[in-house]
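As they're listed, the protein sequences go chains A and B. Numbered according to the working numbering, the first sequence spans residues 1 to 366. Numbered according to the working numbering, the second sequence spans residues 1001 to 1516. Ideal Cβ placement from N, Cα and C applies to all residues, glycine included. Worksheet: one structure, shown below.
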Amino acid sequence: MRFPLRFEARTDSPKYLSAAVPVISIIAALVVGAVFLLATGYAPIETYQEMLKGGFTTFYGITDTLGLSTVLIFTGVAAAFAFQMNLYNIGGEGQLYLGMIGGAWAGLAFGDSLPSAIAIPVVLLMGALFGALWIVVPAIVRSKLGTSEIVTTLLLTYVALNLMNYFIYTSSSFFRDESTTGFPQGRPLPESATIEAFGSTRVYPTFFLAVVVALVLFWIVKRTEYGYRIQVIADSPRAAQYAGISAQRTTLSVMMISGALAGLAGSALIVGPFEKLDISITTMGYGYAGIVVAALARYNFVAIIISAILFAGLRTGGDKLQITSDTPVHIGVILQGAVLLFALGGEIFRRYRLRVVRQQQQAVAS
Amino acid sequence: MSNTSHEVVQGPHHESGAASVALSAHHITKRFPGVVANCNVDFDIRRGEVHTLLGENGAGKSTLAAILCGLYQPDEGYLTRNGSVISLPSPRAGLAHGIAMVHQHFRLVERFTVAENVVLGSSDLSFRLKTKDLNDKVAAVADSYGLPIDPTAVIGDLSVGQRQRVEIVKALYQGAEILLLDEPTAVLVPAEVEKLFDNVRAMTASGKSIVFISHKLGEVVEISDRVTVLRNGEVTGSVEGRGSASTADLANLMVGRHVDLSVQRAEHPIGHEVLQVRNLSLTVNGVKRLDNITFNVHEGEMVGIAGVAGNGQKELADVIAGLTSPTSGTIAIQGVFTTDLGPIKAREAGLAYVPEDRLGMGLVPSMSILDNLLLTRKRDVIVDRGSVRPEAARLIEQFEIKANGPEHVARKLSGGNAQKVLLARELSGGRTPTALLVVCSPTRGLDVGAIETVRRLIDDARSAGQAVLLISEDLDEILSLSDRILVLYRGAIVHETPGESAHIETVGAAMAGLSK
């Protein structure tokens, strides 16, 4: 007896699947999360309800969600931009650390002597520059030698992590706050290099910057010559060669921009809530979350805004849950991983469809 | 050519008659999303017969063959083997019933020997391979069908024709009684085709049945005992008896109207030199791909480059188009040296290039016709699609491209329409008006109707005074279109002849490396 289901190639991928796959991925991830909740003795439905409430219903829930989504939009577009050319920048996390380091350095070094209108952009851009420089070696070896950027960018994240530790914990560090006698802390940036959140919320103006950046990237890919080249190379490198489009140069620049965007995520945190180098960033995993955000949005820059907000909501809800009940915060991490797996796995349904195979004998008899 | 052997083969088949139907398909219908690939098709194959499945691309012959060997399952209809109903859920099940397919693209492991490839997939192998026994067994099977082959040879060292023989031996070794040969001659030189046909006759003489899938009419007439013609998934006709069908009749059945593939060589003046190639050599990884090539192409002249695939045609085209830098030698287009300067400079000098690989090199599959038109043109920093759209619409109309407009995605075009888009772009000039048109295998894989159009478009370009370099493995195409023919063998030009007085035998021999 054969399994009566088979995959058949689709000749055409219907439009509704573009929306259905992400939605079903999330539902499937919630089911997987429910299994873990049940196994550890929590009620899944109630837990999810609490999470939704915590992330999306109250005023502070919503504003916390939007605030958190800022960094996820940046890391999301960073991953998505590289993916426009089928490049996997897995090292957004490390580039984000470097963005923080670069931003903090600029703020500490120049913040006092510059007005806010200049200091803040300088901090942001320095973060982008550091992020771009952190990916320059992977970008060169990828474009010249074809070395897998997945490995190089990921490994550099561990270097970045230790660089963070070094800059915060070394007593002679430029970044170290010497006024504290307790646990080592980063030195706070001067006020002129930081910005205020809106009212009593945790939403910073950088949220709008993130949205604008996402929209601009969307426009670049769809409407500019640069975006055209990216699309040609992504789809068929041989056609690019045929048309005299240099895949090497474009690979280099696309990866550098991707790194700059992840770096911008870091420096946006520096002007936003952190205002100093803070080791707690290394436990947040915003860089990795960006990959999931991008995958769920199918690497569409506009959809990334939505998926980042959704993800931020899940995490905000999860955090609130841990405060109000004893549910472990790691349910959020499980959900994040499960969403990525289902979103990537769901891609197969865009190219294939399941077909019920009738038995041949029945077909003859009828 | 080999009339004697054909009489011998045909004898026993005629005596056996319709009683010995080995495999038949009844009322087969197979649908794919949006298309009916086979519609109520009846087909049968007798023992010891060559039955040809003829049709254009997309006519449904590959689908029917896939159903016959178990690769696809029909939506309606059923198969009978020796009169009893069978179901073939997989190619393995097909093999169990003695049905095997020899695919157009060989499925051989290059590093393995012939014998290792032949026994691959056999279920009766011992854990430790007894190499000598296997070699003897494979050689015995091969010899019994007159297919001499060295079982210890490594596949990577074999020619295309020999590899095909390995595929056939493999099918026979696995006990195939019915062999489906999918476009088997597409990759062969004339001499190899003759050898294949001898093998086919030897196999049918010993009672095997051959389903021959092809769209080359001349061969079909030569080898077939019976021909069934498919069009749009339906059987449009069946012709019994070898030699009783003419190519013209079959072409009409295939296309549904009268076609004329012979281009009238128009009288046209040959002007100044457009392409000049001097002492061109290319060595890749120590292998000489192009060997001191010198020739030129003039205004209003079509030069045909004949040769078996892999003798340097692709390299020659890529070097002229500026995609590869030659090891030595020069290229000049309209007096401008473009050697080493890249494709954009070559285009600025007047080059247009239609590569063999239409979708994936000439066209970007996921992009629209409009965006594909932009591929070889000068683009502004912000791409202004609006200003190109009217031109795209005009070209679609002018070149009779079947598409839903400029936004139609290239991947969803048929082969013929994709080729027309490519020609439309290249002929309409991008950076500079086209002076030199380099076309590689322009009609490969196209249906008869599209072949007619594409050849006419290329011929029109020549008549309009463009220099045309036609690189094709289709010898008939080269012979019927070219003003001058050059034969490429192992990267060198081994033969040159004017198109009008060219003989297929001489050119064919040169292609096989037999001249001089």
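For Asp1225 (chain B), which of B:Thr1497, B:Ala1245, B:Arg1231, B:Asn1232 has the nearest alpha-carbon?
-> For the purposes of this step, residue 1225 (chain B) is taken as residue 225 along the second sequence, with counting starting at 1. Cα-wise, what sits closest to Asp1225 (chain B) is B:Ala1245.
Would you check if the distance between the CB atom of Ala210 (chain A) and the CB atom of Thr70 (chain A) is smaller than 8 Å?
-> Locating residue 210 (chain A) in the first sequence gives position 210, where the first residue counts as 1. Locating residue 70 (chain A) in the first sequence gives position 70, where the first residue counts as 1. Cβ distance < 8 Å, so Ala210 (chain A) and Thr70 (chain A) count as in contact.
To which residues does DSSP link Phe1295 (chain B) through a beta bridge?
-> Against the second sequence, residue 1295 (chain B) aligns to sequence position 295. Answer by DSSP bridge pairing, in chain order: B:Val1277.
Anticipated Cβ contact below 8 Å, Asp112 (chain A) with Pro190 (chain A), distance rounded | Position 112 of the first sequence, counting from 1, holds the residue named residue 112 (chain A). Position 190 of the first sequence, counting from 1, holds the residue named residue 190 (chain A). Asp112 (chain A) to Pro190 (chain A), Cβ: 5 Å. Contact.
For the alpha helix (DSSP H) that contains Ala303 (chain A), what are its first and last residues?
-> Within the first sequence, the letter at position 303 stands for residue 303 (chain A). Run containing Ala303 (chain A): 301–324, per the alpha helix (DSSP H) assignment.
Same chain, Cβ closer than 6 Å to Ser1472 (chain B), five either side skipped, listed in chain order = Within the second sequence, numbered from 1, the residue matching residue 1472 (chain B) stands at position 472. Non-local beta-carbon contacts of Ser1472 (chain B) in its own chain, meaning distances under 6 Å to residues more than five positions away in sequence, involve Ser1441, Ile1478 in chain order.
Would Leu1374 (chain B) count as contacting chain A if we go by Cβ distances under 8 Å?
-> For the purposes of this step, residue 1374 (chain B) is taken as residue 374 along the second sequence, with counting starting at 1. Answer yes: the Cβ-Cβ gap between Leu1374 (chain B) and chain A drops below 8 Å somewhere.
Under three-state DSSP, which class holds Ala1022 (chain B)?
-> Residue 1022 (chain B) sits at position 22 when you count from the first residue of the second sequence. Three-state DSSP puts Ala1022 (chain B) in a strand.
Taking only beta-carbon atoms, is Leu1363 (chain B) less than 8 Å away from chain A?
-> Here residue 1363 (chain B) corresponds to residue number 363 of the second sequence, with the count starting at 1. Taking Cβ atoms only, chain A reaches closer than 8 Å to Leu1363 (chain B), which makes this a yes.
Ile964 (chain B) vs Val1277 (chain B) beta-carbon contact at 8 Å | Missing from the structure shown is residue 964 (chain B); chain B here goes from 1001 to 1516 and no further.
Throw me the rounded Cβ distance for the Leu1488 (chain B) and Gly1322 (chain B) pair, which I believe falls under 8 Å.
-> Translated into positions along the second sequence, residue 1488 (chain B) becomes position 488. Translated into positions along the second sequence, residue 1322 (chain B) becomes position 322. The C-beta distance from Leu1488 (chain B) to Gly1322 (chain B) rounds to 19 Å, too long to meet the 8 Å contact threshold.
Given Leu1446 (chain B), which residues of its chain have a CB within under 8 Å of its CB, disregarding the five upstream and five downstream residues?
-> For the purposes of this step, residue 1446 (chain B) is taken as residue 446 along the second sequence, with counting starting at 1. The residues Asn1057, Gly1415, Gly1416, Gln1419, Val1454, in chain order, have a CB closer than 8 Å to that of Leu1446 (chain B) in the same chain once the five nearest residues on each side in sequence are set aside.
Using a Cβ-Cβ cut-off of less than 8 Å, list which residues of the segment 1376–1397 of chain B approach chain A; keep chain order.
-> Those residues of the segment 1376–1397 of chain B that come within reach of chain A (Cβ to Cβ, closer than 8 Å) are Thr1376, Arg1379, Asp1380, Val1381, Ile1382, Val1383.
Do three or more CB pairs link the segment 1036–1051 of chain B to the segment 1223–1242 of chain B at distances below 8 Å?
-> With contact defined as three or more Cβ pairs closer than 8 Å, the segment 1036–1051 of chain B and the segment 1223–1242 of chain B are in contact.
Which residues does DSSP pair with Gly186 (chain A) in a beta bridge?
-> To locate residue 186 (chain A), count along the first sequence from 1; it is residue 186. In DSSP, Gly186 (chain A) forms a bridge with A:Arg176.
Alpha carbon to alpha carbon, how far is Leu1375 (chain B) from Val1421 (chain B)?
-> Along the second sequence, read from residue 1 onward, the residue named residue 1375 (chain B) stands at position 375. Along the second sequence, read from residue 1 onward, the residue named residue 1421 (chain B) stands at position 421. Using only the alpha carbons, I get a separation of about 12 Å.
Note down, in chain order, every chain B residue with its Cβ under 8 Å from the Cβ of Tyr228 (chain A).
-> Mapped onto the first sequence, residue 228 (chain A) falls at position 228. Asp1371, Leu1374, Arg1379, Val1383, listed in chain order.
Kindly say whether Met1367 (chain B), judged by its beta-carbon, lies nearer than 8 Å to any beta-carbon of chain A.
-> For the purposes of this step, residue 1367 (chain B) is identified with residue 367 of the second sequence, where counting begins at 1. So, interface residue.
The segment 1177–1193 of chain B in contact with the segment 1143–1154 of chain B per 3-pair CB rule at 8 Å = By the Cβ test, the segment 1177–1193 of chain B is not in contact with the segment 1143–1154 of chain B, since fewer than three Cβ pairs between them sit closer than 8 Å.
Beta-carbon proximity list for Ala1424 (chain B), same chain, < 6 Å, skipping 5 on both sides | On the second sequence, position 424 is the one that residue 1424 (chain B) refers to. Leu1395, Phe1399, listed in sequence order.
Neighbour flag for Met1 (chain A) against chain B, beta carbons, 8 Å | Counted from its first residue, the first sequence places residue 1 (chain A) at position 1. Low confidence applies here, because Met1 (chain A) scores a pLDDT of 48, under 50, leaving its location unreliable; read the following figure in that light. Chain B contact via Cβ: absent.
Where Phe235 (chain A) falls, given that 16 or more other Cβ within 10 Å makes a residue buried = Here residue 235 (chain A) refers to the residue found at position 235 when the first sequence is read from its first residue. The sequence given here places Asp at residue 235 (chain A); Phe does not occur at that position. So Asp235 (chain A) counts as buried.
Among A:Gly33, A:Ala117, A:Gly107, which one has its Cα closest to the Cα of Gly127 (chain A)?
-> Locating residue 127 (chain A) in the first sequence gives position 127, where the first residue counts as 1. Among A:Gly33, A:Ala117, A:Gly107, the Cα nearest to that of Gly127 (chain A) belongs to A:Gly107.
Same chain, Cβ closer than 6 Å to Arg355 (chain A), neighbours up to 5 away in sequence not counted | The sequence position of residue 355 (chain A) within the first sequence is 355, counting from 1. Only Arg6, Glu8 meet the Cβ criterion.
Among residues of its own chain, excluding the 5 on either side of Leu1536 (chain B), which ones have a beta-carbon nearer than 6 Å to its beta-carbon?
-> This structure cannot settle anything about residue 1536 (chain B), because the visible part of chain B is limited to 1001 through 1516.
To the nearest angstrom, report how far apart Ala429 (chain A) and Ile26 (chain A) are at their CA atoms.
-> For residue 429 (chain A) there is no data in the structure shown, the boundaries of chain A being 1 and 366.
Just by C-beta distance, which residues in the segment 230–264 of chain A are closer than 8 Å to chain B?
-> In summary, the residues of the segment 230–264 of chain A whose CB is separated from some CB of chain B by less than 8 Å are Gln231, Val232, Asp235, Ser236, Arg238, Ala239, Gln241, Tyr242, Ala243, Gly244, in the order they occur in the chain.
Could you give the distance in angstroms between the alpha-carbon of Lys1345 (chain B) and the alpha-carbon of Val1438 (chain B)?
-> Here residue 1345 (chain B) refers to the residue found at position 345 when the second sequence is read from its first residue. Here residue 1438 (chain B) refers to the residue found at position 438 when the second sequence is read from its first residue. The alpha-carbon separation between Lys1345 (chain B) and Val1438 (chain B) amounts to approximately 15 Å.
For Tyr88 (chain A), which three-state DSSP category applies?
-> By 1-based counting over the first sequence, the position of residue 88 (chain A) is 88. Residue state, collapsed to three classes: coil.
Determine the DSSP secondary structure at Thr1052 (chain B), reduced to helix, strand or coil.
-> The sequence position of residue 1052 (chain B) within the second sequence is 52, counting from 1. Strand, per DSSP.
Looking at C-beta atoms only, is the number of pairs between the segment 1066–1082 of chain B and the segment 1198–1205 of chain B that lie closer than 8 Å three or more?
-> The segment 1198–1205 of chain B and the segment 1066–1082 of chain B do not touch, with fewer than three beta-carbon pairs separated by less than 8 Å.
Going along the chain, which residues of its own chain have a beta-carbon closer than 7 Å to the beta-carbon of Lys1195 (chain B), five neighbours each way excluded?
-> For the purposes of this step, residue 1195 (chain B) is taken as residue 195 along the second sequence, with counting starting at 1. Contacts found: Gly1161.
Does Leu1064 (chain B) get closer than 8 Å to chain A when you measure Cβ to Cβ?
-> Position 64 of the second sequence, counted from the first residue, corresponds to residue 1064 (chain B). Not an interface residue.
Which of helix, strand or coil does DSSP assign to Arg1347 (chain B)?
-> Against the second sequence, residue 1347 (chain B) aligns to sequence position 347. Under the three-state reduction of DSSP output, Arg1347 (chain B) falls in the helix class.
Indicate, with yes or no, if the ligand FMN has a heavy atom lying under 7 Å from the CB of Lys1402 (chain B).
-> With respect to the ligand FMN, the structure shown offers nothing to examine, as it has no ligands at all.
Terminal residues of the continuous beta strand (DSSP E) containing Asn1040 (chain B)?
-> Walking along the second sequence from the start, residue 1040 (chain B) turns up at place 40. Where Asn1040 (chain B) is concerned, the enclosing beta strand (DSSP E) stretches over 1035–1046.
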